[in-house]
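Numbering (UniProt numbering), first residue to last: 1 to 225.
The beta carbon of each residue, even a glycine, is placed where N, CA and C say it ideally should be.
As the structure is a computational prediction, the values presented were derived from the model and not from experiment.
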């Protein structure tokens, strides 16, 4: 098995019960004190059979709740399970100096989800915005045999510890982004990913450092389609 500092060991359990979960709604992970994470299990969808899982990474200085909130309506509509972890510090470990504590925490969170829910391994996505997008793409490239899809909204850079597997990748960036300018970030990342032969769906939009609703809808349709 390939090992590197960003390697995740948790994997979906093919024997997990396909029965609809009894506990639903917004649930704390209960894995950390202070900075923890959240799980969202749809309250109205029947949730029959293995479900798609979206693992969300927040931007710098943010929290798991900001990552989950934009996807709640889609979760109810499509029966998605949402997982969001708080970074151990103000932003993700590799941005602060190297892979380590956040990789460990995300691995524990994934193991918890896989132990409770039947997850569709063909629709297991890692997503993020801003610093979270940089982290999702970087961590995901090193775990492409786990994550089927990676979604990066306005990322700044790539820093994978390795490249494992061939996840499909969605990247969006605003042409007027003043926080992470597109010429130095989104377009460079596009060239890097295409140059490495990845299956990339790249979207530019007129706007700043944000995720327009229509871009999020396009990303979800791309992932679930």
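- Membership of residue 216 in the alpha helix (DSSP H) is indicated by the continuous run 213-224.
- At the C-beta level, residue 199 and residue 163 stay beyond 8 Å of one another.
- For residue 110, the three-state secondary structure derived from DSSP is helix.
- In the DSSP assignment, residue 127 forms a beta bridge with 56 and 151.
- In the structure shown, the three-state DSSP call for residue 193 is helix.
- The Cβ atoms of residue 103 and residue 38 lie no closer than 8 Å to each other.
- The continuous stretches of alpha helix (DSSP H) do not include residue 45, and DSSP gives it neither H nor E.
- Contact check for residue 56 against residue 130 fails: the beta carbons are separated by 8 Å or more.
- When secondary structure is reduced to three states using DSSP, residue 84 falls in the strand class.
- Judged by DSSP secondary structure, residue 7 falls outside any alpha helix (DSSP H); it is assigned neither H nor E.
- Within its own chain, the residues whose Cβ lies closer than 7 Å to the Cβ of residue 10, once the five positions on either side in sequence are excluded, are 107, 110, 111 and 114, listed in chain order.
- With the rule of 3 Cβ pairs closer than 8 Å, the region 28-48 does not count as touching the region 137-155.
- A distance of 8 Å or more separates the beta carbons of residue 134 and residue 101.
- About 26 Å separates the CB atoms of residue 4 and residue 52; that is not less than 8 Å, and the two are not in contact.
- In the structure shown, the three-state DSSP call for residue 25 is strand.
- Between the alpha carbons of residue 213 and residue 68 lies a gap of roughly 14 Å.
- Beta-bridge pairing by DSSP links residue 76 to no other residue.
- Pairing residue 197 with residue 23, the inter-Cα distance amounts to about 41 Å.
- As a beta-bridge residue in DSSP terms, residue 39 pairs with 27 and 83.
- Shown here for residue 208: same chain residues with a beta carbon closer than 6 Å to its own, the five before and five after excluded, namely 174, 176 and 177 in chain order.
- Under the DSSP assignment, residue 201 falls in the beta strand (DSSP E) whose first and last residues are 200-205.
- For the pair residue 201 and residue 138, the Cα-to-Cα distance works out to about 16 Å.
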